[in-house]
Amino acid sequence: MPPAKKLTRRYDPAKTRAAVLAQIEHVGKAIDALTPEQLALPTRLGDWTVRELAAHLALGVRSLVRGLEQSASQSQLVPEVAMADWALRTGTAAGRVDEDTRELAVEAEPAELFARAAARARELVPLAPDDRLVPMRFGAMRLDEFLVTRTVELIVHTDDLADATGVDIPYDRQALAACTRLLADVLAVKAPGASTEVRVPPFAVVQCVEGPRHTRGTPPNVVETDPLTWVRLATGRMEWSRALDAAKVSASGERADLSALLPVVS
């Protein structure tokens, strides 16, 4: 796959750092309160139980921690990866992610795994510079951009955890905003154009899909939905047809059907 173009949207680094740490805190409290019965519940993620899902959340935080613990010289030896590349390539690592998650799930109790990773993240994240290169599965990414991808991991899997357990877990507003914006931006990278406007108020608006360019007035092709519905559509948690039937998304115009473009991250 050729490299995706660099995303130009401005993500405020200070707000993103605070958002990642806040959502880690929310998730940590939820995992710490899970009972053995809840840990054994199924999830919408294949044959993973809540135990594997909780371990995967810990793995995501631990990947950030381990990246920051490596020397900067090591991270500079691998190619730099853009946020859109990360998003479009996540599905290629599904097998390795599953293996790593299952190995971690038997290492210790999920609450202990997550607490250890979270404590170290709280130490390291505030101190590292924005341009620090952090090693990850596909190369290395600037810390300010890698933290944006962590909002996607945290928000998406917070929603998975809430769906599986029925627990009401808070979504940090800035984390949800960054996650929503990145997934919308990746759609625009995946389907470049300006014939369709996708609106996810209050966080994101992008133009995408080849066709006649809109210049003034109401766009001829408009898709609008709320942030969590967009997150679920963009990551394959909800089907386009189901969202339409449930009135979770509105779509008008002959180029407003996004079903062939979803999910944008798998």
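Every letter in the sequence shown is one number past the one before it in full-length UniProt numbering, and letter 181, counting from 1, is 181.
Think of the CB as a built atom: it goes at the ideal place given N, C-alpha and C, for glycine as much as any other residue.
{"query": "Since glycine 28 is in the alpha helix (DSSP H), which residue starts that stretch and which ends it?", "result": "13-32"}
{"query": "Quick check: the region 97-113 against the region 55-74, are at least 3 beta-carbon pairs closer than 8 Å?", "result": "yes"}
{"query": "Under the rule that 16 or more other beta-carbon atoms within 10 Å means buried, what is glycine 166, buried or exposed?", "result": "exposed"}
{"query": "Could you check if valine 231 belongs to the surroundings of the ligand NAD, using beta carbon to heavy atom distance under 7 Å?", "result": "In terms of ligand content, the structure shown is empty, and the ligand NAD therefore cannot be addressed."}
{"query": "If we count the other Cβ atoms within 10 Å of its Cβ and call it buried at 16 or more, is threonine 43 buried or exposed?", "result": "buried"}
{"query": "Taking Cβ positions, are residue 267 and leucine 41 nearer each other than 8 Å?", "result": "Nothing can be reported for residue 267: it is not among the residues displayed for the chain, which extend from 1 to 266."}
{"query": "Determine the extent of the beta strand (DSSP E) in which glutamate 107 is found, giving its start and end residues.", "result": "Run containing glutamate 107: none; DSSP gives neither H nor E here."}
{"query": "Go ahead and label glycine 28 buried or exposed: buried means 16 or more other beta carbons lie within 10 angstroms of its beta carbon, across all protein chains shown.", "result": "buried"}
{"query": "If we ignore side chains and look at the alpha-carbon of each, how far apart do alanine 119 and glutamine 70 end up?", "result": "17 Å"}
{"query": "For the alpha helix (DSSP H) containing methionine 238, list its first residue and its last residue.", "result": "First-last for methionine 238: undefined, no H or E at that position."}
{"query": "If contacts are defined as beta-carbon pairs under 8 Å, then leucine 261 and alanine 251 qualify, I think. What distance do you get, rounded to the angstrom?", "result": "Contact flag wrong, Cβ pair sits at about 12 Å."}
{"query": "In the DSSP assignment, find the alpha helix (DSSP H) that holds glutamate 197 and state where it starts and stops.", "result": "Counting along the chain, glutamate 197 falls outside any alpha helix (DSSP H), though it belongs to the beta strand (DSSP E) covering 196-200."}
{"query": "Does the separation of the CB atoms of arginine 132 and leucine 124 fall below 8 Å?", "result": "no"}
{"query": "What does the alpha-carbon distance come out to for the pair alanine 18 and arginine 173?", "result": "11 Å"}
{"query": "Expressed to the nearest angstrom, what Euclidean distance is found between the alpha-carbon atoms of arginine 255 and tryptophan 240?", "result": "14 Å"}
{"query": "Could you tell me the distance, in whole angstroms, from the CA atom of alanine 191 to the CA atom of aspartate 85?", "result": "14 Å"}
{"query": "Going by beta carbon distance, what residues of the same chain come within less than 8 Å of glycine 91, once the five residues before and after it are set aside?", "result": "Val265, Ser266"}
{"query": "Based on Cα-Cα distance, which residue from Glu52, Val209, Ala247 lies nearest to isoleucine 31?", "result": "Glu52"}
{"query": "If you check the beta carbons only, do glutamate 197 and proline 219 fall under 8 Å apart?", "result": "yes"}
{"query": "Going by C-alpha distance, which of Phe146, Glu210, Leu45, Glu103 is nearest valine 189?", "result": "Glu210"}
{"query": "Going along the chain, which residues of its own chain have a beta-carbon closer than 7 Å to the beta-carbon of tyrosine 171, five neighbours each way excluded?", "result": "Ile155, Thr158"}
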